[in-house]
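Chemist: In the working numbering, the protein residues as written are 2 to 105.
#1: So, residue 67 versus residue 103, is the Cβ gap smaller than 8 Å?
#2: In angstroms with no decimal places, state the Cα-to-Cα distance between residue 82 and residue 71.
#3: Do residue 40 and residue 16 have their beta-carbon atoms positioned less than 8 Å apart in this structure?
#4: When the distance is taken between beta carbons, is residue 54 closer than 8 Å to residue 87?
#5: Among 50, 98, 27, 43, which one has its Cα closest to the Cα of residue 21?
#6: So residue 85 and residue 36 are in contact, right, with Cβ under 8 Å, and what is the actual spacing, rounded?
#7: Quick one: which unbroken alpha helix (DSSP H) runs of 4-plus residues sit fully inside the stretch 52-83? Chain order, please.
#8: Using the three-state DSSP reduction, which class does residue 14 fall into: helix, strand or coil?
#9: Please report the Cβ distance between residue 56 and residue 29, rounded to the nearest whole angstrom; I am assuming they are in contact, meaning their Cβ atoms lie under 8 Å.
#10: Per DSSP, which residues does residue 29 bridge with? Please list them.
Written out as structure tokens, the structure is:
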């Protein structure tokens, strides 16, 4: 796997980018959101079109906001972005906020 870039690690989680896509691990919460969002803005969307959330151990509404921002960005760029391993907590939050169709 050819590493394209790696962002600074957020305080309690990690974000990496590679040919296989983007991956988030550990926590993705309000405390991490600004660092992660800025890191994603500094690079092109993953060529694979995949954002992998399988390794998230903690996520809150800020993580949901980041996922939605990435999906909006992909749509604006005429790209498709799939979310792999969406944690049940984020799916539940999406239902509560009425935005679950934005994650499909």
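Beta carbons: idealized from backbone N, C-alpha and C, even for Gly.
Modeler: Taking the geometry as given:
#1: 8 Å or more divides the Cβ of residue 67 from the Cβ of residue 103.
#2: If you take the alpha carbons of residue 82 and residue 71, they lie about 8 Å apart.
#3: The Cβ atoms of residue 16 and residue 40 lie closer than 8 Å to each other.
#4: Cβ atoms of residue 87 and residue 54: closer than 8 Å.
#5: The shortest CA-to-CA distance from residue 21 to any of 50, 98, 27, 43 is the one to 50.
#6: Residue 85 to residue 36, Cβ: 22 Å. No contact.
#7: Correct list: 62-77.
#8: DSSP places residue 14 in strand when its eight states are reduced to three.
#9: The Cβ separation is near 10 Å, so there is no contact.
#10: In DSSP, residue 29 forms a bridge with 60.
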